[in-house]
Amino acid sequence: MKVSRIIINGIIIFIGIALFFLLMEMLGLGDQIYLRLVNFIFVIYGVNRTIKQDYADHIDGYFTNLSSAFFTAFTSLVISIFAFIAYAEYKGGEEYIHTFAENYIFGGTPSLYQFCMGLFIEGLAASAIVSFTLMQFWKDKVEKINKVDDLNHN
Numbered sequence: 001m002k003v004s005r006i007i008i009n010g011i012i013i014f015i016g017i018a019l020f021f022l023l024m025e026m027l028g029l030g031d032q033i034y035l036r037l038v039n040f041i042f043v044i045y046g047v048n049r050t051i052k053q054d055y056a057d058h059i060d061g062y063f064t065n066l067s068s069a070f071f072t073a074f075t076s077l078v079i080s081i082f083a084f085i086a087y088a089e090y091k092g093g094e095e096y097i098h099t100f101a102e103n104y105i106f107g108g109t110p111s112l113y114q115f116c117m118g119l120f121i122e123g124l125a126a127s128a129i130v131s132f133t134l135m136q137f138w139k140d141k142v143e144k145i146n147k148v149d150d151l152n153h154n
């Protein structure tokens, strides 16, 4: 697991999500909650990139690569939350969140930090789902424990 790779790919995920979010805001589509599912594309790309680079560098082991994948997504999540807090404060803080939060499942009128905590929990779940799902694809490539030596077992 290379920390520099995790950080770089986490930043790549953040840039993709941030640009997509800003594009949605510019087009007036920020209230369309189903468009948030597109964020998965950026997370899948970055996490897969990390695992692929680990595989190319012969970094084997299921849990090593799973950890690397999860920390890549987690890095982008943390950067995204802090960037969103800064953006929301710039746009008006609580007033911005109240118009933005109507389309989320939080209920009531959460504060900026309550809203971000909800996004953080949602992001953790998404990070775990993407990491585990991609590792199902990569597991036979990075973990050799299921291979049997046919010459000795015939």
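First residue of the sequence shown? That's 1 in UniProt numbering, and the numbers climb one at a time after it. Just so you know, even glycine gets a beta-carbon here, dropped at the ideal spot from N, CA and C. Note that the structure is a prediction, hence the values are computed from the model and not measured.
Under a three-way DSSP split, which group does Q136 fall into? helix
Spatial neighbours of K141 within its chain, please: C-beta separation below 7 Å, excluding the five flanking residues on both sides. Y55
Using 7 Å as the threshold, is the C-beta distance between G46 and T72 below it? yes
Quick one: is A88 buried, meaning 16 or more other Cβ sit within 10 Å of its Cβ, or exposed? buried
Reference R49, options G10, G28, I97, G118, closest by Cα: G10
Identify which residue in A69, S111, H58, L22 has its Cα closest to the Cα of L134. A69
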